[in-house]
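Enquirer: Let me begin by handing over the structure; questions about it come next.
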Amino acid sequence: LTVKCYAGISKVLGMYNDQHIHPTGHENARFTRLAHDTRIKIAEQLRLGVSHKRIVSNLSISSSTKPNSIISCPIFRETTPSRDNFITSQDIRRIERGIEAETVCLHPDDGKSSLQWVDRMRAAGELLGFKGCPVAWMISTSATEVTIDYFLQTFKDANPGINPSRFMTDFDWAQINSIRRQYPNAQIYICWWHVLHAWQQRFTTQHHPELWGLLKGWIRLTTDEEFSDCWAKIQALAPKSFLKYIEVYWLPWRAMWSAIARVGRSIFEQSDTNMLVEAYVVPYFHAKHYRQLWGFEGPDLEGKRRDTINKLAQSIPPEHVEEVDEEGQYLVCSQSSPGHKYTVDIDDYTCDCDSYPLIDFCKHLAAVQLHFFEGVEVRDLASLFIPTKPSADPLTASRQPLREPSTTPPPVISDISDRLQRLAIRYLASPPSILSDCLRRLDTLLDRALAECGQSQVLPAPQRIVPNQHSWPETAATMIGAVKNKRKSKH
10 LTVKCYAGIS KVLGMYNDQH IHPTGHENAR FTRLAHDTRI KIAEQLRLGV
60 SHKRIVSNLS ISSSTKPNSI ISCPIFRETT PSRDNFITSQ DIRRIERGIE
110 AETVCLHPDD GKSSLQWVDR MRAAGELLGF KGCPVAWMIS TSATEVTIDY
160 FLQTFKDANP GINPSRFMTD FDWAQINSIR RQYPNAQIYI CWWHVLHAWQ
210 QRFTTQHHPE LWGLLKGWIR LTTDEEFSDC WAKIQALAPK SFLKYIEVYW
260 LPWRAMWSAI ARVGRSIFEQ SDTNMLVEAY VVPYFHAKHY RQLWGFEGPD
310 LEGKRRDTIN KLAQSIPPEH VEEVDEEGQY LVCSQSSPGH KYTVDIDDYT
360 CDCDSYPLID FCKHLAAVQL HFFEGVEVRD LASLFIPTKP SADPLTASRQ
410 PLREPSTTPP PVISDISDRL QRLAIRYLAS PPSILSDCLR RLDTLLDRAL
460 AECGQSQVLP APQRIVPNQH SWPETAATMI GAVKNKRKSK H
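Under the numbering used here, the sequence shown has 10 at position 1, and the numbering climbs by one with no breaks.
Next comes the structure, spelled out in C-alpha cells:
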C-alpha cells in the first residue's frame, strides 16, 4: 500500500498492489522476524545467565540435527522453514541489549541518564560507600595534561586522607605527568593490554608468530636475567624498525610495564590491566556484591588463597621441613625446584618464597605449622594481611618535564576528612528522626569552614585559543597532492 498526501488537499491518495514484491516460500524466511514466544524464551534464558552458544544450540536447528544429517533439516523437507530455526548470536545480542537498557539506561538521552544515575547513587550514599570501584569519574571533552591535573587536584582536595600508592594507565604522558605531580610517591604501571596492542600495530603478527609469542611472554618475566635473554632472542627475530621503536619508546621506562617491577604485591594488587574500570557496570556490580556478601561466590580472594595453601601444605612431607635452631628458623624444600630450600621465620611469620607476599602466607609456613604444631602458634587470617608500603617511584629517570608537586595536607585535615566521611555513612545508613544539637552546631561550623576555604568554581577558567588560520602554506610543500585551482577560461 502506497500512500500520498499533499499540502492544502484534504484527500489522502492510496494505491494498493496485491502482488508480492519480495521472494515467497523458503526464500522469504530470512526476511521475517523471530516469533514473539521465541523472543520471550531467549530473554528468559538470558536473565538466567545462559550463554549465547547454549541458547543457539537449544533453540536452533543445530540442537535437533546432527552435523552430517542434511535430510532432517526443514529446508530439505517439503515444509516451509521457520525463522525460529535460524537463530544467530546477533539475534540474541539484540534482545540482550534491550534487557540491558531496562536497567542501565534510565533515560533515552544518555546525558540525562548519567545525571539520574548520579542522583540515585548520591541518594543511596554510594559516593561515600567505600566500595573500592569506582572512586571518581572524569567526564571531559579533552584529556590534556592541564585538564587531568586539575581533576586530580580537585580529587585530592576533596579526599585529603586518600593517598594512592599505585596507578594503572595506558602510557599517556598527560596522565603520567599529572599523576607524578599530584602523587609523587605513587608507582605507575602501564596496562599490559595496551602495551601489547601498541606493539602489534608495529608489525604483522601473522608474518612473525614466533616474535609475537616472545613479546607476550617478555612483559611477564620477573628477573633481569630472563628479561635480557628474551630481549636477545627478540633482537634476532624482529625487524630493525620495530627494535628501534622498542629501544626509543619503551625500554627507557621498563619499570612501568615489565613484571620485574610488579613482584611482591599482595593478592588484592594482582591486576595488570585497567579494563576492570572500563567494564564497570553499576547494576552488575551491585548484584555481584550481594552474591559475595551472602556467600554465593564462596570465600573472598584471601580466603580462597588460604584454603588452597592449606591443601598444598599437606603434600609437603615432614622430612622436607628442617628446624634450623630454636629461634624459629626453618628450612622447607621446594617442590618445584629440587635442591632449593626456602627459609621460614615462624616468629616474624615470614618466608622468602615468591608466593608469600600475596597474602603474607604461603604453603611453607603452613607446612611448618602442620608438622611442628606443638611449638608453633597458629595465627588467624585477620592478622596476616599488612598493607605494603609504596615502593620508590619507578619513573625517576623520566625525561618528561615536571613541575613541583603540591604540599601534603597536615595530618589534622586528613583525620577530620576521615571522620566526616564515617559520620556521613552512619547517618545515611540510619537517618535520625530528629536533628540533635550537635548536628545543628556541626551544620553551622561546616558552613563557616566552607566559606573560609571558598572554592572559586568547579571547572577551571576557560582559555582562549587562537584560531588555526593561515597554516596551509607552511605544510603545503609536504602534502601528497597539489592544490587544485579553478580552470581558466580560454576566452
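For each residue, glycine too, the CB sits at the ideal point set by N, CA and C.
Because the structure is a prediction, the values reported are computed rather than measured.
Would you check if the region 221–240 and the region 264–282 touch, i.e. whether three or more CB-CB distances between them fall below 8 angstroms?
Expert: The region 264–282 is in contact with the region 221–240.
Enquirer: One question on the structure: do residue 372 and residue 318 come within less than 8 angstroms of each other, judged by their Cβ atoms?
Expert: Result yes, Cβ atoms of residue 372 and residue 318 sit closer than 8 angstroms.
Enquirer: So residue 168 and residue 426 are in contact, right, with Cβ under 8 angstroms, and what is the actual spacing, rounded?
Expert: With a Cβ gap of about 7 angstroms, residue 168 and residue 426 count as contacting.
Enquirer: Quick one: what's got a C-beta closer than 7 angstroms to residue 25's C-beta in the same chain, skipping five residues either side?
Expert: So the qualifying residues of the chain are 10.
Enquirer: For residue 118 versus residue 43, is the C-beta spacing smaller than 8 angstroms?
Expert: Not a contact, by the Cβ cut-off of 8 angstroms.
Enquirer: Residue 260 to residue 132, Cα distance in whole Å?
Expert: Taking the straight line from one Cα to the other gives about 48 angstroms.
Enquirer: Please state if the CB of residue 353 and the CB of residue 321 are separated by a distance shorter than 8 angstroms.
Expert: Against a cut-off of 8 angstroms, the Cβ pair of residue 353 and residue 321 comes out as no contact.
Enquirer: Check residue 20 in the structure and name its three-state DSSP category.
Expert: Reduced to three states, the DSSP call for residue 20 is coil.
Enquirer: Give me the Cα-Cα distance between residue 247 and residue 181, rounded to the nearest whole angstrom.
Expert: Distance between the alpha carbons of residue 247 and residue 181: 25 angstroms.
Enquirer: What three-state label does DSSP hand residue 281 in the structure shown?
Expert: DSSP places residue 281 in coil when its eight states are reduced to three.
Enquirer: Determine the contact status of residue 161 and residue 199, defining contact as a CB-CB distance below 8 angstroms.
Expert: Contact: no.
Enquirer: Classify residue 331 as helix, strand or coil using the three-state DSSP reduction.
Expert: DSSP places residue 331 in strand when its eight states are reduced to three.
Enquirer: Looking only at C-alpha atoms, which of 201, 224, 202 sits nearest to residue 212?
Expert: Ranking 201, 224, 202 by Cα distance to residue 212 puts 224 first.
Enquirer: Per DSSP, what kind of secondary structure is residue 215 in: helix, strand or coil?
Expert: In this structure, residue 215 counts as coil in the three-state DSSP scheme.
Enquirer: Around the C-beta of residue 145, are 16 or more other C-beta atoms found within 10 angstroms, so that it is buried, or is it exposed?
Expert: Exposed, by the Cβ-count rule.
Enquirer: Do residue 208 and residue 281 have their C-beta atoms closer together than 8 angstroms?
Expert: Cβ atoms of residue 208 and residue 281: not closer than 8 angstroms.
Enquirer: Expressed to the nearest angstrom, what Euclidean distance is found between the alpha-carbon atoms of residue 151 and residue 184?
Expert: If you take the alpha carbons of residue 151 and residue 184, they lie about 12 angstroms apart.
Enquirer: Under the three-state reduction of DSSP, which class applies to residue 150: helix, strand or coil?
Expert: Three-state result, residue 150: coil.
Enquirer: Quick check on residue 15: does DSSP put it in helix, strand or coil?
Expert: Three-state result, residue 15: coil.
Enquirer: Among 278, 55, 196, 186, which residue has its Cα nearest to the Cα of residue 1?
Expert: The first residue shown for the chain is 10 and the last is 500, placing residue 1 beyond what the model contains.
Enquirer: Output needed for residue 23: all residues of its chain with C-beta closer than 8 angstroms, excluding positions within five of it in sequence on either side, in chain order.
Expert: Hits under 8 angstroms: 10, 11, 12, 13.
Enquirer: Which word fits residue 436, buried or exposed, when buried means at least 16 other C-beta atoms lie within 10 angstroms of its C-beta?
Expert: Exposed.
Enquirer: Going by beta-carbon coordinates alone, are residue 315 and residue 368 separated by less than 8 angstroms?
Expert: Closer than 8 angstroms, so yes.
Enquirer: Reducing DSSP to helix, strand and coil, say where residue 113 ends up.
Expert: Reduced to three states, the DSSP call for residue 113 is coil.
Enquirer: Using the DSSP secondary-structure output, state which residues sit across from residue 339 in a beta bridge.
Expert: For residue 339, which the question treats as bridged, DSSP gives the partners 332, 353.
Enquirer: Go to residue 198, then tell me how far its alpha helix (DSSP H) extends in each direction, as first and last residue.
Expert: That residue, residue 198, is in no alpha helix (DSSP H); its beta strand (DSSP E) goes 196–199.
Enquirer: Just mark residue 27 as buried or exposed, buried being the case when its beta carbon has 16 or more other beta carbons within 10 Å.
Expert: So residue 27 ends up on the exposed side.
Enquirer: By a C-beta neighbour count over all protein chains shown, 10 Å radius and 16 as the cutoff for buried, is residue 245 buried or exposed?
Expert: Label assigned to residue 245: exposed.
Enquirer: For the region 198–265, list the alpha helix (DSSP H) runs that are entirely contained and at least 4 residues long, ordered along the chain.
Expert: Runs of the alpha helix (DSSP H) inside the region 198–265: 201–209, 218–227, 233–246, 249–258.
Enquirer: Label residue 258 either buried or exposed according to how many other C-beta atoms from any shown protein chain fall within 10 Å of its C-beta, with 16 as the threshold for buried.
Expert: Its Cβ having fewer than 16 others within 10 Å, residue 258 is exposed.
Enquirer: Taking only three categories from DSSP, how would you classify residue 447?
Expert: Helix.
Enquirer: Just grab the DSSP bridge partners of residue 176 for me.
Expert: In the DSSP output, where bridge partners are listed per residue, residue 176 has 197.
Enquirer: Considering only C-alpha positions, which residue in the set 127, 61, 54, 114 is nearest to residue 99?
Expert: Cα-wise, what sits closest to residue 99 is 61.
Enquirer: List the endpoints of the continuous alpha helix (DSSP H) containing residue 377.
Expert: It spans 372–380 - the alpha helix (DSSP H) in which residue 377 sits, taken as one unbroken run.
Enquirer: Give the straight-line distance between the Cα atoms of residue 501 and residue 66, rounded to the nearest whole angstrom.
Expert: The question about residue 501 has no answer here: the residues shown for the chain are numbered 10 through 500.
Enquirer: Going by the beta-carbon positions, is the gap between residue 191 and residue 175 smaller than 8 angstroms?
Expert: No, the Cβ-Cβ distance between residue 191 and residue 175 is not below 8 angstroms.
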